[in-house]
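There are 2 protein chains.
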Amino acid sequence: MISRLCMIGVGLIGGSLCRALKAAGAVGSIVGCGRDPMQLERAVELGVIDSFETDIAKAVSDADVIVVAVPVGAMPAVFAAIKGHLKPGAVLTDVGSAKGSVVLAAREVFGGDESYFVPGHPIAGTEKNGVEASFAELFNEQRVILTPLEVTDPAATQVIHKMWQAAGAEVISLSVEHHDEVLAATSHLPHVIAYALVDTLARMHERREMFQFAAGGFRDFTRIASSDPQMWHDICLANKDALLDMIRRFSMDLADLAKAIEDEDSATIKATFNRAKQARDQYC
Amino acid sequence: MISRLCMIGVGLIGGSLCRALKAAGAVGSIVGCGRDPMQLERAVELGVIDSFETDIAKAVSDADVIVVAVPVGAMPAVFAAIKGHLKPGAVLTDVGSAKGSVVLAAREVFGGDESYFVPGHPIAGTEKNGVEASFAELFNEQRVILTPLEVTDPAATQVIHKMWQAAGAEVISLSVEHHDEVLAATSHLPHVIAYALVDTLARMHERREMFQFAAGGFRDFTRIASSDPQMWHDICLANKDALLDMIRRFSMDLADLAKAIEDEDSATIKATFNRAKQARDQYC
Chain A
2 MISRLCMIGV GLIGGSLCRA LKAAGAVGSI VGCGRDPMQL ERAVELGVID
52 SFETDIAKAV SDADVIVVAV PVGAMPAVFA AIKGHLKPGA VLTDVGSAKG
102 SVVLAAREVF GGDESYFVPG HPIAGTEKNG VEASFAELFN EQRVILTPLE
152 VTDPAATQVI HKMWQAAGAE VISLSVEHHD EVLAATSHLP HVIAYALVDT
202 LARMHERREM FQFAAGGFRD FTRIASSDPQ MWHDICLANK DALLDMIRRF
252 SMDLADLAKA IEDEDSATIK ATFNRAKQAR DQYC
Chain B
2 MISRLCMIGV GLIGGSLCRA LKAAGAVGSI VGCGRDPMQL ERAVELGVID
52 SFETDIAKAV SDADVIVVAV PVGAMPAVFA AIKGHLKPGA VLTDVGSAKG
102 SVVLAAREVF GGDESYFVPG HPIAGTEKNG VEASFAELFN EQRVILTPLE
152 VTDPAATQVI HKMWQAAGAE VISLSVEHHD EVLAATSHLP HVIAYALVDT
202 LARMHERREM FQFAAGGFRD FTRIASSDPQ MWHDICLANK DALLDMIRRF
252 SMDLADLAKA IEDEDSATIK ATFNRAKQAR DQYC
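Heads up: the protein sequence lines correspond to chains A and B, in order.
Just so we're on the same page, my numbering is the position in the first sequence counted from 1, plus 1.
Just so we're on the same page, my numbering is the position in the second sequence counted from 1, plus 1.
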């Protein structure tokens, strides 16, 4: 049970975590914090948070757990605003989709003494955003990856571990580097590809007609291209190296496949399609 | 009302069309034809077809409408087997996802006198295949593109037009070339990308772990990579030129985006993501 939680950024992820913890009776009170008072008022109306505060220093001052749920590009500024205002024993976590850059920012701001910081990443979301899209079941049976640092107090990690379990999630620990490699492959690369594909079509002369003949498969395939551009801009830069490595691997594989199609090399085409189908049917 | 319909290839598409026409009372009897008697027996058991025949010449001989619903690579052989066995006034159509190569095969086999041939393509399907996966509502409010030839008898086109309307579809006419360009962009390219992406991950050392951390967005994104490899192999070769052109366009756009990420060129990244999101939200 968390007596007082401070949620910085009450959008899809932050709002859904608030709802889940309230539904589970795992939190006493929640103060929301963010830049837009209208959105925070709406979050109070929806019962997602109990109160709000636009001054970060005030918002965090009496919280036992602080969750930073803003786009990763905004995290350094949030850390700077928090610094020196946490009460003793408070635990800090975040929900950023890239961990290396967030950990680096925390180290730069907090000076390497961030024993109370537990970096985290819930592998859940939809293409929607904002508190209106939040729902308590978002993390149900989904995975949350924690990447505790060498300096992180195991007791702090335990608090965040229990918080996510209360929200219905399965909690796993990975190293920061490993997290960023895996997410570059399974999430960041697919988003970049989806955006690039839809943009390719959108830039064609007959764009209206192109989309008119797109069937259900295309809608599923491109759903993630409706995700928040600012958020994904931040993730691409935050996980730049691992992402560029994955784009290179994928581009080479696509070029090989194009070559096989050009050469009418049926064996290679079928081997590629079969390997992909088997992997997807087995693992997804 | 079609008195007797011959369905060559009773899989997802062929089976669903049979079910839809029966549900609408738009067909008298249906004879199924294919290579696998077990599958055809199953189709009779399921009530999808009334009887079956493994000899194509016999199957088509008393049919008013013949629908060829086999992978596009198998169509030339089907046309050759049909030749000379259609009864006078019979109408022939197909459901191939690429039209140029099908039309060329028909011309070569039938000698340019195929006034009874109405090339068609229902823009519908799932990643599943086989008659077990077929259902009567598959074409409900979906588009069917007909690409009648100069030699095609308008009365024949009308028969196929009404058949698809009875199955619940909206029928549109396009030229063969235009069809193939639009489908390369909206269907064939996305399938090739999905196969290539899943294969890139499947070939990585930590494949099991990669897929373990893939979330819902990834499952949606890669669903089309579970499609039938043989069918998509055929489509890639059948629409090779238009598809290769689209792969080239997409690869250049992806390379530009990778360059922008490498250079941390926020303006270009955000412009690309915003254009894509707007197009998808507007059209899909």
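Yeah, the Cβ is synthetic: ideal placement off N, Cα and C, and Gly gets one too.
Because the structure is a prediction, the values reported are computed rather than measured.
Contact between B/L202 and B/F214 is ruled out by a C-beta separation of about 11 Å, above the 8 Å threshold. Residue burial is scored here from C-beta neighbours: B/T187 has at least 16 other C-beta atoms within 10 angstroms and is therefore classed as buried.
Partner residues in the beta bridge of B/R144, as assigned by DSSP, are B/E171. A/G35: not part of any alpha helix (DSSP H); DSSP gives it neither H nor E. At a C-beta separation below 7 Å, B/E265 has these neighbours in chain A: L238. Within chain B, the residues placing a beta-carbon under 8 Å from that of A/D221 are D221, F222, R224, I225, ordered along the chain. Taking C-alpha positions only, B/R208 is separated from A/A70 by approximately 29 Å. Exclusion of the five residues before and after A/G33 leaves M8, V11, L41, A44, I50, F53 as the residues of its chain whose Cβ lies within less than 7 Å of its Cβ. The C-beta separation of A/E115 from A/A106 comes to about 10 Å, leaving the pair out of contact by the 8 Å criterion. Within 8 Å of the CB of A/F140, no CB atom of chain B is found; the nearest one sits about 11 Å away. Of the candidates A/A170, A/F274, A/N240, the residue whose Cα lies closest to the Cα of B/A259 is A/N240. Beta-bridge partners assigned by DSSP to A/L6: A/I31, A/V66.
For A/D254, the neighbours in chain B by C-beta distance under 9 Å run, in chain order, A197, L198, D200, T201, R204.
Around B/G10, no beta-carbon contact reaches into chain A at under 7 Å, the shortest distance being about 19 Å.
The Cβ of A/F136 sits no closer than 8 Å to any Cβ of chain B.
If you check the CB distance, B/P77 and B/T55 do not come in under 8 Å. Listed along the chain, the chain B residues whose CB falls inside 8 Å of the CB of A/A280 are V199, D200, L202, A203, R208, F212.
With a minimum length of 4 residues, the unbroken runs of alpha helix (DSSP H) contained wholly in the region 68–118 of chain B fall at 76–83, 101–111. Taken through DSSP and simplified to helix, strand or coil, A/H122 comes out as strand.
In the DSSP annotation of this structure, the continuous segment of the alpha helix (DSSP H) that includes A/E210 starts and ends at 208–213.
For A/I194, the closest Cβ of chain B is nearer than 8 Å.
Among the bridge pairs identified by DSSP, B/S52 is matched with B/V32. Assignment of A/S228 by DSSP, reduced to helix, strand and coil, places it in the coil class. About 39 Å separates the Cβ atoms of A/T158 and B/R281, ruling out a contact at the 8 Å cut-off. Bounds of any alpha helix (DSSP H) do not take in A/R204, whose DSSP letter is neither H nor E. The closest CA to that of B/K88, considering only B/P72, B/S62, B/G74, is found on B/S62. Counting C-beta atoms within 10 angstroms of its own C-beta, A/P149 has 16 or more neighbours from the protein chains shown and is therefore classed as buried.
Counting only the Cα atoms, B/Y284 lies some 25 Å from B/K129. Taking CB atoms only, A/F251 has a neighbour in chain B less than 8 Å away.
Using a Cβ-Cβ distance cut-off of 8 Å, the region 168–187 of chain B and the region 152–168 of chain A are not in contact, since fewer than three pairs of beta carbons, one from each stretch, lie closer than that value. The region 136–149 of chain B and the region 158–169 of chain B touch, with no fewer than 3 CB-CB distances between them shorter than 8 Å. Distance between A/M253 and A/K278, taken at the CA atoms: about 19 Å.
Residue contact with chain B for A/W233: present (Cβ-Cβ distance below 8 Å to some residue of chain B). Chain-ordered, the chain A residues with CB closer than 7 Å to the CB of B/L258 read V193, A197. Per DSSP, B/F136 lies in no alpha helix (DSSP H) and is assigned neither H nor E.
The beta carbon of A/S188 falls within 8 Å of a beta carbon belonging to chain B, placing the residue at that interface.
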